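Colleague:
There are 2 protein chains.
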Amino acid sequence: MDSPNNVFTQYLKANGIRQSTQRDSILEVFLGTEKHLSAIELYNLVRRRHPNIGYATVYRAVKVICNAGLAEEVDFGDGVARFEHKYGHEHHDHLICTKCGKFIEVRQPNIEKLQEDLAKEYRFIPTRHKFQIFGICKNCKKYSP
Amino acid sequence: MDSPNNVFTQYLKANGIRQSTQRDSILEVFLGTEKHLSAIELYNLVRRRHPNIGYATVYRAVKVICNAGLAEEVDFGDGVARFEHKYGHEHHDHLICTKCGKFIEVRQPNIEKLQEDLAKEYRFIPTRHKFQIFGICKNCKKYSP
DNA sequence: GTGTAAATGAAATTCAATATCAATTATACC
DNA sequence: GGTATAATTGATATTGAATTTCATTTACAC
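Residue numbers (numbering that gives the first Met the number 0), protein chains in the order written: chain X, 0 to 144; chain Y, 0 to 144.
#1: Distance check for P125 (chain X) and K141 (chain Y), CA to CA, integer angstroms please.
#2: On the DSSP bridge list, what partners appear for H88 (chain X)?
#3: I'd like the list of long-range same chain contacts for Q18 (chain Y), defined as Cβ closer than 8 Å, with 5 residues on each side in sequence excluded.
#4: Mind checking who K98 (chain Y) pairs with in its DSSP beta bridge?
#5: Got a sec, what are the start and stop residues for the beta strand (DSSP E) P125 (chain X) sits in?
#6: Could you give the DSSP three-state label for A70 (chain Y): helix, strand or coil?
#7: What is the DSSP secondary structure of F29 (chain X), reduced to helix, strand or coil?
#8: Using alpha carbons as the reference points, say which of Y:E115, Y:L94, Y:Y121 lies closest to I135 (chain Y).
#9: Measuring straight from C-alpha to C-alpha, what distance separates F75 (chain X) and C65 (chain X)?
#10: Could you check the C-alpha separation between I39 (chain X) and F82 (chain X) for me, to the nearest Å?
#11: Apart from the five residues on each side of it in sequence, which residues of its chain come closer than 6 Å, Cβ to Cβ, to G31 (chain Y)?
#12: Consider the Cβ of H128 (chain X): report whether some Cβ of chain Y lies at a distance smaller than 7 Å.
#13: Identify each residue in the region 108-124 of chain Y for which the Cβ-Cβ distance to at least one residue of chain X is less than 9 Å, and report them in chain order.
#14: Can you confirm whether K137 (chain Y), when its beta carbon is compared against all beta carbons of chain X, has any partner nearer than 7 Å?
#15: Can you give the Cα-Cα distance for R46 (chain Y) and T20 (chain Y), rounded to whole angstroms?
#16: Pull out every residue of the region 84-102 of chain X whose Cβ sits closer than 9 Å to any Cβ of chain Y, in chain order.
#17: Along the region 13-47 of chain Y, where does the CB come closer than 8 Å to a CB of chain X? Name the residues.
#18: What are the boundary residues of the alpha helix (DSSP H) that N5 (chain Y) is part of?
#19: Please list the residues of the region 51-67 of chain X that have a C-beta atom closer than 8 Å to any C-beta atom in chain Y, keeping them in chain order.
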């Protein structure tokens, strides 16, 4: 099967990385969220189940999960690395409100075309992209005309 | 006239910020480069002329220059904030090689259209965007087939 | 089971970003 | 031009996330 857990196990085996109770729990908790979590936020969630887990363990596990292709880092420009897992998510981009900090996930298939065009022109092999639009969301617009 | 120096002076006046020898020099040195500089890199350049200038002064000046609309922050995902001035530059996006770290500036006017479409759909007022494509540049491709 | 190499968790370190504060300097007003 | 005062400067300290270190524990190949 192609469940995230199988993908993860296979990735670990293929790279000589051992399975561990902690890392499995971290992945499980991570997949159970639908948020963009920083390492510390995920650490705090995992600690509910494993009060003795160390921050470094969570920090390292997130890196492994990203390398396994199950998550990716997103950056909203506030100096904190956040991570979103890809289970049940298509790729998407973000509208980021510079007033309240909220972000909206958006899908824009046409951007793939732009990426291909640029890549071809520069003989560049693209692996991923980030497209972020900064501005004022409709709520913030309302309260400061 | 509309020279960067005039824009800067006007911005300062309009916002009750004083003119200073140091800040003027920082702007001058910054505009004289064509690179994406971190605050420390710019600091080291400015120090050639002003050996006694403090890092904090450069750091603060860069923020003011950005607020004046003369530069913007770019982020290549390495944890260091870099700045590029806009004098003689149109807006552009970046192809970033994940192997050698080099980046290519690209212009892609169609992306403005995408931004407008998304903004309209979500009633979002966009002020700027970042579009980054990560991948392997043609040089790195050559040396690792 | 046993040996060994990887993983863990606590703590220390690093480093950019940012804040603090006394001394200095630019500007508005006289 | 002189003066008051509020912003700027530069040295230094602080913050906070990211990352490293290392002794102990654990997974797993044999």
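Idealized CB from N, CA, C, for every residue including glycine.
Please read all numbers here as calculations on a predicted model, not as lab measurements.
Modeller: This is what the structure gives:
#1: By one-based count along the second sequence, residue 141 (chain Y) stands at place 142. By one-based count along the first sequence, residue 125 (chain X) stands at place 126. Their Cα atoms are separated by approximately 15 Å.
#2: Taking the first sequence and counting its residues from 1, the one referred to as residue 88 (chain X) is at position 89. H88 (chain X) is not bridged to any residue.
#3: Locating residue 18 (chain Y) in the second sequence gives position 19, where the first residue counts as 1. If we look at Q18 (chain Y) and ignore the five residues flanking it on each side, its Cβ neighbours are T8, L11.
#4: Locating residue 98 (chain Y) in the second sequence gives position 99, counting from the first residue. K98 (chain Y) is not bridged to any residue.
#5: Counting from 1 along the first sequence, the entry for residue 125 (chain X) is found at position 126. P125 (chain X) -> beta strand (DSSP E) spans 124-135.
#6: Taking the second sequence and counting its residues from 1, one reaches residue 70 (chain Y) at position 71. In the structure shown, A70 (chain Y) sits in a strand (DSSP, three-state: E or B).
#7: The residue labelled residue 29 (chain X) in the question sits at position 30 within the first sequence. In this structure, F29 (chain X) counts as helix in the three-state DSSP scheme.
#8: Numbered from 1 along the second sequence, position 136 holds the residue referred to as residue 135 (chain Y). Cα-wise, what sits closest to I135 (chain Y) is Y:L94.
#9: The sequence position of residue 75 (chain X) within the first sequence is 76, counting from 1. The sequence position of residue 65 (chain X) within the first sequence is 66, counting from 1. Their backbone Cα atoms lie some 18 Å apart in a straight line.
#10: Taking the first residue of the first sequence as position 1, residue 39 (chain X) is located at position 40. Taking the first residue of the first sequence as position 1, residue 82 (chain X) is located at position 83. Rounded to the nearest angstrom, the two C-alpha atoms are 11 Å apart.
#11: Here residue 31 (chain Y) refers to the residue found at position 32 when the second sequence is read from its first residue. Correct list: empty, nothing qualifies.
#12: Here residue 128 (chain X) refers to the residue found at position 129 when the first sequence is read from its first residue. Yes, H128 (chain X) counts as interfacial toward chain Y.
#13: N109, I110, K112, L113, Q114, D116, L117, A118, E120, Y121, R122, F123, I124
#14: Walking along the second sequence from the start, residue 137 (chain Y) turns up at place 138. Yes, contact with chain X.
#15: For the purposes of this step, residue 46 (chain Y) is identified with residue 47 of the second sequence, where counting begins at 1. For the purposes of this step, residue 20 (chain Y) is identified with residue 21 of the second sequence, where counting begins at 1. Their backbone Cα atoms lie some 13 Å apart in a straight line.
#16: D92, L94, C96, T97
#17: none
#18: If you number the second sequence from 1, residue 5 (chain Y) lands on position 6. Run containing N5 (chain Y): 3-13, per the alpha helix (DSSP H) assignment.
#19: none
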